[in-house]
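Undergrad:
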Amino acid sequence: MACEAWRDKLDAFVDGELSPNAQQEFDAHLRGCASCAKDIASRMQLKTAVKRAAALRYAPSVEFRRKIEKEALPRKRNPRAVLIWAPAFAAAAVLLLVVVWMARRPAVTPEMAMLGEVVDMHVTALASANPVDVVSTDQHTVKPWFEGKLPFAVNLPDLTNSPFTLLGGRVAYLDQTPGAGLLFQYRKHQLSVFIFQERAEWAKMSAKETPQRHASFWVETWSASGLRYFVVGDTSDANVEQLANLMKGAAGAE
Amino acid sequence: MQEGESFAELALPLFDSLYNFACWLAQDRVEAEDLVQETYAKALGGFRSFEPGTNFRAWIFRILRNTFLNSRTGLAATRTVALEEDEGNEAAFARVTEETPESILLKQMNQGAVRDAIEKLPIPFREVLLLADMEEMAYREIAETLGIPAGTVMSRLARARKLLRENLREKVVRT
Ligand SMILES: [Zn+2]
Chain A
94 MACEAWRDKL
104 DAFVDGELSP
114 NAQQEFDAHL
124 RGCASCAKDI
134 ASRMQLKTAV
144 KRAAALRYAP
154 SVEFRRKIEK
164 EALPRKRNPR
174 AVLIWAPAFA
184 AAAVLLLVVV
194 WMARRPAVTP
204 EMAMLGEVVD
214 MHVTALASAN
224 PVDVVSTDQH
234 TVKPWFEGKL
244 PFAVNLPDLT
254 NSPFTLLGGR
264 VAYLDQTPGA
274 GLLFQYRKHQ
284 LSVFIFQERA
294 EWAKMSAKET
304 PQRHASFWVE
314 TWSASGLRYF
324 VVGDTSDANV
334 EQLANLMKGA
344 AGAE
Chain B
474 MQEGESFAEL
484 ALPLFDSLYN
494 FACWLAQDRV
504 EAEDLVQETY
514 AKALGGFRSF
524 EPGTNFRAWI
534 FRILRNTFLN
544 SRTGLAATRT
554 VALEEDEGNE
564 AAFARVTEET
574 PESILLKQMN
584 QGAVRDAIEK
594 LPIPFREVLL
604 LADMEEMAYR
614 EIAETLGIPA
624 GTVMSRLARA
634 RKLLRENLRE
644 KVVRT
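Protein chains in written order, with this note's numbering: chain A, 94 to 347; chain B, 474 to 648.
(1) Under a criterion of Cβ closer than 6 Å to any non-hydrogen atom of ligand 1, which residues qualify, in chain order?
(2) Should T270(A) go down as buried or exposed, given a rule of 16 or more other Cβ atoms within 10 Å for buried?
(3) Could you give the distance in angstroms between the alpha-carbon of R170(A) and the alpha-carbon of L630(B)?
(4) Quick check: the Cα distance between K341(A) and V626(B), rounded to an integer number of angstroms?
(5) For a contact meaning CB atoms closer than 7 Å, what does E506(B) contact in chain A?
(6) Nearest to V325(A) by CA position, among A98(A), R145(A) and V216(A), is which residue?
(7) Leaving aside the five residues before and after V264(A) along the sequence, list all residues of the same chain whose C-beta is less than 8 Å from its C-beta, in chain order.
(8) Curious, which full-length alpha helix (DSSP H) runs of at least 4 residues does the region 491 to 537 of chain B contain?
(9) Between P113(A), F106(A) and S154(A), which lies nearest to R502(B) when the distance is taken from Cα to Cα?
(10) Just list the residues that DSSP pairs L284(A) with in beta bridges.
(11) Any residues in the region 479 to 492 of chain B with a beta carbon nearer than 7 Å to a beta carbon of chain A? Which ones, in chain order?
(12) Of all the CB atoms in chain A, is at least one closer than 8 Å to the CB of R632(B)?
(13) Take the Cβ of A616(B) as the centre, count every other Cβ of all protein chains shown within 10 Å, and call the residue buried at 16 or more, exposed below.
(14) So the candidates are F106(A), A165(A), L336(A) and L339(A); which of them puts its Cα closest to the Cα of L483(B)?
(15) Chain B partners of R145(A), CB-CB under 8 Å?
(16) Ordered along the chain, which non-local residues of its own chain (more than five positions away) have a Cβ less than 8 Å from that of D132(A)?
(17) Please name the residue in Q305(A), P256(A), Y266(A) and L267(A) whose C-alpha comes closest to that of L336(A).
(18) From D268(A) to R321(A), what distance separates their C-alpha atoms?
(19) Are any of the Cβ atoms in chain A nearer than 8 Å to that of I536(B)?
(20) With distances taken between CB atoms, is the gap from L276(A) to G261(A) smaller than 8 Å?
(21) What does the alpha-carbon distance come out to for the pair A549(B) and Q138(A)?
(22) Per the contact definition of three or more C-beta pairs closer than 8 Å, is the region 579 to 598 of chain B in contact with the region 118 to 132 of chain A?
(23) Taking the alpha-carbon positions, what's the F323(A) to Q278(A) distance?
(24) From A147(A) to M607(B), what does the alpha carbon distance come to, in whole angstroms?
(25) Am I right that A605(B) and D108(A) are in contact with their C-beta atoms under 8 Å? What's the rounded C-beta distance?
(26) Checking 8 Å against the spacing of the C-beta atoms, do I533(B) and L487(B) come in under that value?
(27) Between the alpha carbons of M474(B) and P525(B), how many angstroms are there, rounded?
(28) Exposed or buried, what is G547(B) when buried is set at 16 or more other beta-carbons lying within 10 Å of its beta-carbon?
(29) List the whole-angstrom C-beta distance separating T551(B) from P622(B), where the pair is believed to meet the contact cut-off of C-beta under 8 Å.
(30) Compute the beta-carbon to beta-carbon distance between T540(B) and E504(B), rounded to the nearest angstrom, for a pair I have assumed lies under 8 Å.
(31) Give a yes or no on whether the C-beta atoms belonging to K515(B) and A586(B) are separated by under 8 Å.
(32) I need the boundaries of the beta strand (DSSP E) containing S316(A), first residue and last residue.
(33) For the beta strand (DSSP E) containing F245(A), list its first residue and its last residue.
(34) Would you kindly report the start and end of the unbroken alpha helix (DSSP H) that includes A484(B)?
(35) Which residue from F310(A), V143(A) and N248(A) puts its Cα closest to that of A344(A)?
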């Protein structure tokens with residue numbers, strides 16, 4: 094399908110509202126169309142920016158929370174609770190509910206926000222006319238290129254017997270902190286690897302040792318030797334995991 | 474219905490989101506507290522009419538939103554907005570011009586600027602944008618919450634985003 098046919102589906106794509114078939118078709122179109130890819134990237138960025146700016150903007154006071162709790166958990170006014178729960182059980186259940194509720198994490202976890210940002214970086218790279226600053230399929234060219242630009246060494250895997258090809262690298266930024274952005278080719282697809290220094294707030298993140306679905310991408314992230322790795326791709330979870338394993342091997346070899 | 478689906482269990486986890494959304498609509502904390510309190514009272518009172526298995530989030534957001542629209546602030550805020558749903562689909566779906574992609578715009582401004590731009594949106598656009606991007610509701614769910622057809626959700630959302638981009642651009646030009 095030509096661009097024109099996709100024009101009114103850009104928002105639906107970004108909002109994940111296309112049918113799986115249409116989503117796939119659009120994915121395929123995006124790979125060959127820099128103009129649509131750029132538009133999609135900017136729409137994704139806008140959506141993420143709105144979410145970041147708006148979610149959890151206003152937090153209720155503790156007093157107000159208590160007040161609503163009391164009103165939403167009436168022991169006498171809610172006939173359902175009285176009928177089903179014995180009073181002692183009801184009190185215990187209510188207490189548990191309140192504890193769980195107070196401890197529960199906000200709707201937008203830092204983890205989701207961060208994975209969103211990583212996917213954005215990948216999409217932006219794909220949409221860019223110059224996705225890498227050092228263009229080379231040779232790990233021995235790309236590795237030293239990062240020296241002096243980053244506060245850590247970038248170890249790259251030997252891809253000789255793998256289905257992946259290195260396309261190059263660039264310095265990527267996450268909250269103004271520099272890290273390594275690497276681009277790999279797998280058949281007609283491109284995958285990104287990002288490496289940053291580990292942060293305290295990430296260390297608390299649940300380990301995502303297997304790829305997770307985020308938007309229409311797969312992301313795997315892990316931490317090793319004070320560095321945080323992200324692998325992003327739209328091919329399949331198996332590819333992402335395979336590249337992740339190669340990266341883990343390279344880091345371990347050092 | 475099982476006891477696991479009691480009113481409290483369904484409604485309390487949405488408290489933070491409802492309060493945040495109420496603040497975004499009313500732009501006033503005291504009023505937002507009144508709105509949320511009234512919403513919980515109405516929802517609890519009408520809980521028997523809620524059909525188990527249907528979308529509770531859309532149901533209670535709808536109560537909140539209708540309560541707001543019938544409040545003084547809500548009536549004042551929506552009276553002045555002409556929606557013109559069918560107007561200029563072409564314009565609504567206009568592509569981002571390559572000279573000023575959001576990436577550049579968004580890099581130049583902080584979260585505060587994005588918040589201001591959202592606040593400037595008229596209520597019908599602000600609410601559809603926040604439900605889609607902040608609450609990450611599906612179009613179907615938004616349609617249920619706002620009581621409008623899914624097609625209208627799409628066109629209104631497209632216009633909301635277009636207005637937001639314009640608000641952001643204006644900011645960049647001014648600063
Ligand atoms: Zn295209």
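Even for Gly, the Cβ is constructed at its ideal location relative to N, Cα and C. Since the structure is predicted, the reported quantities are computational estimates derived from the model, not experimental observations.
TA: A quick look at the data gives this:
(1) Checking every Cβ against the heavy atoms of ligand 1 under 6 Å gives C96(A), W99(A), H122(A), C126(A), S128(A) and C129(A).
(2) Looking at its Cβ environment, which holds fewer than 16 other Cβ atoms inside 10 Å, T270(A) is exposed.
(3) Since pLDDT at R170(A) reaches only 44, below the 50 mark, its modelled position is unreliable, and the value read off the structure follows with that caveat. Using only the alpha carbons, I get a separation of about 40 Å.
(4) In a straight line, the C-alpha of K341(A) is about 45 Å away from that of V626(B).
(5) F157, listed in chain order.
(6) Comparing Cα positions, the closest option is V216(A).
(7) Around V264(A): D226, F239, K242, L243, P271, G272, A273 and G274.
(8) The region 491 to 537 of chain B contains these whole alpha helix (DSSP H) runs: 502 to 518.
(9) Nearest of P113(A), F106(A) and S154(A) to R502(B), Cα basis: S154(A).
(10) Within the DSSP bridge table, the entry for L284(A) names F277(A) as partners.
(11) Those residues of the region 479 to 492 of chain B placed with their C-beta closer than 7 Å to a C-beta in chain A are S479, F480, A481, E482, A484, L485, P486, F488, D489, S490 and Y492, ordered along the chain.
(12) Not closer than 8 Å to any Cβ of chain A, the Cβ of R632(B) fails to qualify, so no.
(13) Flag for A616(B) reads buried.
(14) Looking only at F106(A), A165(A), L336(A) and L339(A), the smallest Cα-Cα distance to L483(B) is reached by A165(A).
(15) Simply Q584 and V587.
(16) Closer than 8 Å at the Cβ level, and outside the excluded window around D132(A), lie L103.
(17) When each option's Cα is compared against that of L336(A), the closest is P256(A).
(18) If you take the alpha carbons of D268(A) and R321(A), they lie about 14 Å apart.
(19) Output row for I536(B): interface = no.
(20) Their beta carbons are under 8 Å apart, which means L276(A) touches G261(A) by this criterion.
(21) The alpha-carbon separation between A549(B) and Q138(A) amounts to approximately 32 Å.
(22) They do not touch, by the three-pair rule.
(23) Looking at the two C-alpha atoms, the distance is approximately 16 Å.
(24) The straight-line gap from Cα to Cα measures roughly 6 Å.
(25) By a beta-carbon distance limit of 8 Å, A605(B) contacts D108(A). Their separation comes to about 6 Å.
(26) Cβ atoms of I533(B) and L487(B): closer than 8 Å.
(27) Any reading at M474(B) is ruled out, since the residue's pLDDT is 42, under 50, leaving its predicted position unreliable.
(28) Buried, since its Cβ has 16 or more Cβ neighbours within 10 Å.
(29) About 19 Å separates the Cβ atoms of T551(B) and P622(B), ruling out a contact at the 8 Å cut-off.
(30) So it is not a contact: roughly 11 Å between Cβ atoms.
(31) Between K515(B) and A586(B), the CB-CB gap reaches or exceeds 8 Å.
(32) F310 to A317 is the span of the beta strand (DSSP E), which, as asked, contains S316(A).
(33) Premise fails: F245(A) is in no beta strand (DSSP E) and is neither H nor E.
(34) For A484(B), the enclosing alpha helix (DSSP H) has its first and last residue at F480 to A484.
(35) Of the residues F310(A), V143(A) and N248(A), the one whose Cα lies closest to the Cα of A344(A) is N248(A).
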